[in-house]
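For reference, the structure discussed in these notes is given below.
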């Protein structure tokens, strides 16, 4: 799971580094959430398909939604705290 987390975080960092400096906090948080949703969903789909764990699509959607939401919330909170300092 640590490797999967690192892959998702790496994808989010790579996507955010390509954003314009003028992008607002909400846009950065949404981008983080969408990228985390997509990457974690694809990784969960692959793992669930390989291990025959439940319905792979359901596992991918639930995982993607949880991870994407978490990344969006934490990203917005982190950016807001950094912005206020």
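Numbering (our numbering), first residue to last: 3 to 87. Beta carbons: idealized from backbone N, C-alpha and C, even for Gly.
Reduced DSSP secondary structure (H/G/I, E/B, other) of residue i
i: residue 56; result: coil
Residue environment, residue i, which counts as buried when at least 16 other CB atoms sit within 10 Å
i: residue 19; result: exposed
i: residue 62; result: buried
i: residue 66; result: buried
i: residue 25; result: exposed
i: residue 71; result: exposed
i: residue 31; result: buried
i: residue 46; result: buried
i: residue 14; result: buried
Option nearest residue i by Cα separation, candidates the options
i: residue 9; options: 37, 31 and 26; result: 37
i: residue 11; options: 26, 42 and 29; result: 42
i: residue 80; options: 14, 22 and 27; result: 27
i: residue 35; options: 59, 17 and 49; result: 17
i: residue 5; options: 49, 57 and 21; result: 49
Residue i Cβ short of 6 angstroms to the ligand HEM heavy atom set
i: residue 57; result: Judged by which ligands are present, the structure shown has none, so any question about the ligand HEM falls away.
Taking only runs that begin and end inside the region 17-46, name each unbroken beta strand (DSSP E) of 3 or more residues, in chain order. For the region 17-46, not a single whole beta strand (DSSP E) run of length 3 or above is found.
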